[in-house]
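Since the structure comes first, as structure tokens, the remarks are kept for the end.
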Amino acid sequence: MNSMGRRSFLAAATALGIGAGVSTHAIASAVSDDKNPKKAPDQNADSTADIYQRDRDLPFIGAEETFSTPELLKLNSINADHIAFLTEIGLADLGQRRIDDMDTGGLNVQILSAHTPSVQNVPGKKGVDFAYRLNRLLVEGPIAKHPGRFKAFATLPLQSPEAAADELERSVKEDGFLGALTNGHITKKYLDHPDFEPVLARAVALDVPIYLHPGYPADEIFKILYDTTRSQYTKEFQPYIFSGSGYGWHQEVLTQCIRMITYGVFDRFPKLKIIIGHMGEGLPFYYERIVNDMGEPTESSLKKPFAQYFQDNFWITTSAFPQTHLLTLLLKHISVDRVMFATDYPFADIKEQTDWFRGVDLPREDKEKIAFRNAEKLFKLKVPVK
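Using mature numbering (1 follows the signal peptide of the UniProt record, and there is no 0), the letters of the sequence shown correspond one by one to residues -28 to -1, 1 to 358.
Here it is in structure tokens:
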């Protein structure tokens, strides 16, 4: 990537969502997303305000909330400007700044996960030790200092699947972690590959979910799909963002989900629980095409209709996509019992997203399910009472 000044980097990053997840450029108000555009704007605003007031006491659990450390920033950043940006937005802050942002937005609990690609590119004992250190850092740091406010997904050394399975079990049983989060391909393999069956089997045995977060593409894929031969277009890190939060990440996660269904992962592990973020990573838009076109060629190879796996094995979060029309489309295809709230902090603003959801026109019971009850049930926890 070409070098650029820090001010330009920060401006580009803020506008385009560099890092993990889509930035605040994705945020749209509930008013502009109203399902009946023929209503006058003032009526829309009045209705949204009334719903907001009704539901202003909603508690929230954030299921995709990112952290880093100086060591991890150095490993996973592209240059000094990138590190400066990630530091400035508070990615490595696990103390009062994070708590203050949660309190401002009314977010009761953050479920923490390590910044993509975490330690997935670190092989062998070094990766195993790094994952353990990150997990223990959370236990000894924010989880201990702010009881009830932080939970966590385990960081796993996935290039060593047996060790990853052991670390998942240790972190769940000893440290109370809620499952694990992965970040895209692991040395050009996805979780449908036989190498990772020890991890999937252990997750099932522990009855904990795996959250599929996006990761950057392998070099070959990057060069084919996202790179450019015209140097003027590499300014503002265009290929990097194009392959990540600007587009590529969301297609990559959805592809992994379809692979896992198509190649029988959920037939081998029928109780496996998978979470995906960003309002389904494009799934609501593609749902009918996917289940219709993939249904017939998999009839003889799968134990269930293709669509059934989305209903039985997946949960979806709203992370960084506070857009009512997308939520409406998602709920057309996926049960409200399988949708959970998330913010993608610090890449998206907590308060903007909790305010959006308070104003969404859904029955109170459904909003409670999405805001916190589905997460309570899946993760076997309770929102702490303030």
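We put the beta carbon where it would ideally sit given N, CA and C, even for glycine.
Mapping the DSSP letters down to three states, classify residue i as helix, strand or coil.
{"i": "F32", "result": "coil"}
{"i": "Y317", "result": "coil"}
{"i": "A86", "result": "strand"}
{"i": "V237", "result": "helix"}
{"i": "F278", "result": "helix"}
{"i": "F293", "result": "coil"}
{"i": "I306", "result": "coil"}
{"i": "V225", "result": "helix"}
{"i": "V263", "result": "helix"}
{"i": "G(-24)", "result": "Low per-residue confidence applies at G(-24): pLDDT is 39, beneath 50, and the placement is therefore not dependable enough to give any value."}
Would you grab the beta carbon distance between residue i and residue j for me? Rounded to a whole angstrom, and I think it's under 8 Å.
{"i": "L244", "j": "N285", "result": "6 Å"}
{"i": "R336", "j": "D29", "result": "Wrong, their Cβ atoms sit about 10 Å apart, outside the cutoff."}
{"i": "A103", "j": "P129", "result": "4 Å"}
{"i": "F241", "j": "A136", "result": "Rounded, the Cβ-Cβ distance is 16 Å, inconsistent with contact."}
{"i": "P31", "j": "V263", "result": "Going by Cβ atoms, the distance from P31 to V263 rounds to 34 Å, so no, they are not a contact pair."}
{"i": "A292", "j": "F313", "result": "With a Cβ gap of about 11 Å, A292 and F313 do not count as contacting."}
{"i": "A86", "j": "L58", "result": "Going by Cβ atoms, the distance from A86 to L58 rounds to 13 Å, so no, they are not a contact pair."}
{"i": "V311", "j": "L303", "result": "7 Å"}
{"i": "L110", "j": "T154", "result": "Not confirmed; about 17 Å, so no contact."}
Which value, in whole angstroms, describes the spacing of the CA atoms of residue i and residue j?
{"i": "K7", "j": "L84", "result": "Reliability fails at K7, whose pLDDT of 45 lies under 50, so the model's placement of it is uncertain and no value is given."}
{"i": "Y281", "j": "K275", "result": "10 Å"}
{"i": "S272", "j": "F278", "result": "11 Å"}
{"i": "D53", "j": "M74", "result": "26 Å"}
{"i": "T296", "j": "T88", "result": "27 Å"}
{"i": "K46", "j": "I55", "result": "7 Å"}
{"i": "P181", "j": "I246", "result": "6 Å"}
{"i": "A347", "j": "P42", "result": "30 Å"}
{"i": "G34", "j": "D327", "result": "14 Å"}
{"i": "V308", "j": "Q131", "result": "35 Å"}
{"i": "P318", "j": "F238", "result": "33 Å"}
{"i": "L178", "j": "G218", "result": "35 Å"}
{"i": "A21", "j": "G331", "result": "7 Å"}
{"i": "M266", "j": "I230", "result": "9 Å"}
{"i": "P133", "j": "Q223", "result": "25 Å"}
{"i": "R105", "j": "F168", "result": "22 Å"}
{"i": "L287", "j": "S40", "result": "Looking at the sequence shown, residue 287 is not Leu but Trp. Cα-Cα distance, rounded: 25 Å."}
{"i": "E208", "j": "D316", "result": "22 Å"}
{"i": "G216", "j": "D147", "result": "32 Å"}
{"i": "D333", "j": "S203", "result": "47 Å"}
{"i": "Q228", "j": "P166", "result": "14 Å"}
{"i": "T270", "j": "V100", "result": "37 Å"}
{"i": "L150", "j": "V176", "result": "12 Å"}
{"i": "D18", "j": "P170", "result": "53 Å"}
{"i": "D338", "j": "G96", "result": "45 Å"}
{"i": "G62", "j": "V81", "result": "17 Å"}
{"i": "E260", "j": "G249", "result": "19 Å"}
{"i": "L299", "j": "T290", "result": "8 Å"}
{"i": "W221", "j": "Q25", "result": "35 Å"}
{"i": "N51", "j": "G187", "result": "18 Å"}
{"i": "Y258", "j": "N16", "result": "29 Å"}
{"i": "D65", "j": "N48", "result": "17 Å"}
{"i": "D138", "j": "P119", "result": "26 Å"}
{"i": "N107", "j": "E268", "result": "43 Å"}
{"i": "T38", "j": "L79", "result": "14 Å"}
{"i": "I23", "j": "K98", "result": "51 Å"}
{"i": "F329", "j": "K341", "result": "12 Å"}
{"i": "R345", "j": "E36", "result": "16 Å"}
For residue i, would you say it is in contact with chain C, using Cβ-to-Cβ distances shorter than 9 Å as the test?
{"i": "A279", "result": "The structure shown contains no chain C; it is built from a single protein chain."}
Looking at C-beta atoms only, is the number of pairs between the stretch 187 to 207 and the stretch 251 to 268 that lie closer than 8 Å three or more? No contact exists between the stretch 187 to 207 and the stretch 251 to 268.
Which whole runs of the alpha helix (DSSP H) in the stretch 128 to 200 are 4 residues long or more, in chain order? For secondary structure counted as the alpha helix (DSSP H) over 4 or more consecutive residues, the stretch 128 to 200 holds these complete runs in sequence order: 133 to 147 and 169 to 178.
I'd like to know if the stretch 156 to 166 and the stretch 68 to 85 are in contact, where contact means that at least 3 CB-CB pairs between them fall below 8 Å. Verdict: no, contact absent.
Decide if the stretch 198 to 213 is in contact with the stretch 228 to 238; the criterion is three or more beta carbon pairs, one per stretch, under 8 Å apart. Judged by pairs of C-beta atoms under 8 Å, the stretch 198 to 213 does not touch the stretch 228 to 238, as fewer than three such pairs exist.
Enumerated in chain order, which unbroken segments of the alpha helix (DSSP H) with a length of 4 residues or greater are wholly contained in the stretch 97 to 130? Here the runs fully enclosed are 114 to 117.
Counting Cβ pairs, one atom from each stretch, are 3 or more of them under 8 Å apart for the stretch 96 to 115 and the stretch 345 to 355? Touching, no.
Is the stretch 90 to 105 touching the stretch 160 to 178 in the sense that three or more CB pairs, one from each, lie closer than 8 Å? Flag = no, the stretch 160 to 178 and the stretch 90 to 105 do not touch.
Give the list of continuous beta strand (DSSP E) stretches no shorter than 3 residues that lie fully inside the stretch 27 to 71. Unbroken beta strand (DSSP E) runs of no fewer than 3 residues, entirely contained in the stretch 27 to 71, are found at 33 to 39, following chain order.
The stretch 120 to 131 contacting the stretch 323 to 336, beta-carbon criterion three pairs below 8 Å: Taking a contact to require three or more Cβ pairs closer than 8 Å, the stretch 120 to 131 and the stretch 323 to 336 do not qualify as touching.
Quick test of the definition: if touching needs 3 or more C-beta pairs under 8 Å, does the stretch 205 to 212 touch the stretch 135 to 145? With the cut-off at 8 Å, the stretch 205 to 212 and the stretch 135 to 145 do not touch.
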